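Counting with this note's numbering, you get residues 567 to 834 for the letters of the sequence shown.
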Amino acid sequence: MGDKLLFHPPLDASGNIEGIVRSSFRENTDPDPRKISRQQDVALAALRGLSSVWATHASSPPPPEEPEPPHVHAEPANTLLSGCVLVAHPMVTGELHRSVVLLLDHTEKGSTAVVVNKPSDHTLRTGLLHLSTQLSPLGNNRLFRGGPVWRVSLLHRRREVGGVELPQLYDAPLFYGGNMSLVGDIVAQEEGSASDFMFYAGCCHWSPGQLEEEVAQGVWLPLLAPYHHLTAEAGLADLWGGLWRGAGHDSIARVAPWLSAGAVEPIC
567 MGDKLLFHPP LDASGNIEGI VRSSFRENTD PDPRKISRQQ DVALAALRGL
617 SSVWATHASS PPPPEEPEPP HVHAEPANTL LSGCVLVAHP MVTGELHRSV
667 VLLLDHTEKG STAVVVNKPS DHTLRTGLLH LSTQLSPLGN NRLFRGGPVW
717 RVSLLHRRRE VGGVELPQLY DAPLFYGGNM SLVGDIVAQE EGSASDFMFY
767 AGCCHWSPGQ LEEEVAQGVW LPLLAPYHHL TAEAGLADLW GGLWRGAGHD
817 SIARVAPWLS AGAVEPIC
């Protein structure tokens with residue numbers, strides 16, 4: 567440290583830097599007094615520099631703590647049923663990578679669901695070729711990528727709109743489908759907000775027994791989670807991670823370990 571002063575620690579030096587500098591300052595046995603004086607000057611300058619660094623560090627406020635990643639409260643779903651959430655295994659690839667899927671219908675005839683955490687770059691107006699006059703008041707609503715099977719789905723919480731009511735597992739009811747004319751009227755007449763309605767382009771579909779097989783293989787972690795987490799656009803960015811963190815170790819341990827060997831892609 568200092569102008570053109572270089573401190574070279576001994577080749578066999580060990581320990582922290584302060585100890586190395588102090589040892590060189592105190593124990594130099596070079597027979598040439600000019601070299602000893604020079605080495606002492608360098609060591610003293612090094613100690614002064616270290617003292618300055620430590621003083622600055624001591625007076626600095628501690629760095630802000632990193633905010634804890636959000637946890638979404640969830641419980642294991644011991645049985646597949648409409649309204650439960652399927653969280654993709656981290657090794658799932660393709661369109662369903664890091665996806666959160668809401669199971670809309672699960673019967674002996676098969677299963678249907680929509681991905682809820684994949685917003686597209688389109689609105690209803692830009693994403694649908696023919697937007698009906700009835701839905702024009704919702705033309706600026708975000709269009710979500712619901713899955714690889716083409717179909718437009720609607721999720722909402724307005725009982726008067728109708729549709730199929732999902733089981734009320736936690737909080738207020740949730741419906742899919744309904745009277746599109748009423749949707750447009752509610753928003754046009756300002757009896758509700760356009761954000762009350764979520765639209766999904768595409769869905770996921772499994773033939774009989776197919777979803778059960780994927781769950782058994784560990785492709786999906788089935789959970790029960792409050793619906794409001796699934797329909798609040800502001801919180802969807804880390805919904806997948808939040809559900810994994812909120813599921814707890816016991817739920818995660820149920821995921822088949824063989825998936826860690828390589829990436830997989832669901833059949834749906």
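Cβ coordinates follow ideal geometry from the N, Cα and C atoms, glycine included. Everything numeric in this text was worked out from a predicted model, so none of it was measured.
| Asked | Found |
| --- | --- |
| Kindly list the residues whose CB is nearer than 6 Å to the CB of Pro-656, restricted to its own chain and excluding five residues on each side of it in sequence; keep chain order. | none |
| I want to know whether the segment 711-729 touches the segment 768-784 - three or more CB-CB distances under 8 Å. | yes |
| Thinking C-beta only, is Ala-654 closer than 8 Å to Ala-791? | no |
| In chain order, what residues of the same chain have a beta carbon less than 7 Å from the beta carbon of Lys-675, not counting five sequence neighbours either side? | Pro-774 |
| Buried or exposed: Gly-814, going by 16 or more other Cβ atoms within 10 Å of its Cβ? | exposed |
| Three Cβ pairs or more, each shorter than 8 Å: is that satisfied between the segment 688-708 and the segment 756-766? | yes |
| Which residues in the same chain have their Cβ closer than 7 Å to the Cβ of Ser-648, if we skip the five residues on either side of it in sequence? | Leu-669, Leu-670, Asp-671, His-672, Leu-732, Pro-733 |
| Quick check on the DSSP output: the alpha helix (DSSP H) that includes Val-785 runs from which residue to which? | Element bounds for Val-785: n/a, residue is neither H nor E. |
| Considering only their Cβ atoms, is the gap separating Asn-683 from Leu-777 smaller than 8 Å? | no |
| Rounded to whole angstroms, what is the Cα-Cα separation between Cys-650 and Ser-617? | 60 Å |
| Output the boundary residues of the alpha helix (DSSP H) element that contains Arg-691. | 690-693 |
| First and last residue of the beta strand (DSSP E) that includes Ala-643? | Run containing Ala-643: none; DSSP gives neither H nor E here. |
| Thinking C-beta only, is Val-749 closer than 8 Å to Val-730? | no |
| Counting only the same chain and skipping the five closest in sequence on each side, list residues whose C-beta sits under 7 Å from that of Val-638. | Ala-791, His-795, Leu-805, Gly-808, Leu-809, Gly-812 |
| Mapping DSSP to helix, strand and coil, what is Val-666? | strand |
| Please return the same chain residues whose Cβ sits closer than 7 Å to the Cβ of Arg-708, not counting the five positions on each side in sequence. | Pro-685, Thr-689, Glu-799 |
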